[in-house]
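Student: Can you keep this structure in mind? I'll have questions shortly.
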Amino acid sequence: MPHHFDDAVVTAVLRHMNGDHGDDNLLITRAFGDGIDVATATMTGFDGDGGLWRADLADGSSADVRVPWPGGAITERPEVRREIVALYDLACERLGVTPRPHA
3 MPHHFDDAVV TAVLRHMNGD HGDDNLLITR AFGDGIDVAT ATMTGFDGDG GLWRADLADG
63 SSADVRVPWP GGAITERPEV RREIVALYDL ACERLGVTPR PHA
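Counting with my numbering, you get residues 3 to 105 for the letters of the sequence shown.
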């Protein structure tokens with residue numbers, strides 16, 4: 003069973019990702035969405051095993067994209083950021099995009 007984070011943690015992470023990192027959501031879903039034509043993307047959840055995004059496709063349909071954390075299962079709040087940053091970096095690599103520096 004994957005670790006489940008409390009609602010306050012999930013809400014805060016989703017607010018941050020969808021409010022401040024919409025372009026990152028798009029990169030991640032394009033890179034890990036198995037060739038689907040993603041127009042927009044929203045992070046909808048996560049647990050200790052990976053993140054979940056809703057990808058709105060160019061044809062008007064939508065698909066869920068679940069991506070496992072690159073570093074394996076996690077259980078602590080600070081690990082969420084580390085794994086999302088790692089996913090972003092991997093997405094940039096897969097898509098041939100230069101990643102921005104991380105603060």
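We put the beta carbon where it would ideally sit given N, CA and C, even for glycine.
#1: Flag this pair as yes or no: are the beta carbons of A43 and W55 separated by less than 8 Å?
#2: Between which two residues does the alpha helix (DSSP H) harbouring D26 extend?
#3: Which residues mark the beginning and the end of the beta strand (DSSP E) in which P103 is found?
#4: Buried or exposed for L97, please, with buried defined as at least 16 other CB atoms from any protein chain shown within 10 angstroms of its CB.
#5: What did DSSP end up calling G53 once you bin it into helix, strand or coil?
#6: Whose C-beta lies closer than 7 Å to the C-beta of V82 among residues of the same chain, with five residues either side of it excluded?
#7: Quick check: does the Cβ of I76 come within less than 7 Å of any heavy atom belonging to the ligand SAM?
#8: Can you check the stretch 64-100 for any beta strand (DSSP E) of at least 3 residues that lies completely inside it and give the ranges in chain order?
#9: Exposed or buried, what is E85 when buried is set at 16 or more other beta-carbons lying within 10 Å of its beta-carbon?
Tutor: Walking through what the data contain:
#1: yes
#2: 24-34
#3: It is not in any beta strand (DSSP E) - P103 carries neither H nor E in the DSSP assignment.
#4: exposed
#5: strand
#6: V15, F48, I76
#7: In the structure on display, the ligand SAM does not appear, and there are no ligands present to speak of.
#8: 64-70
#9: buried
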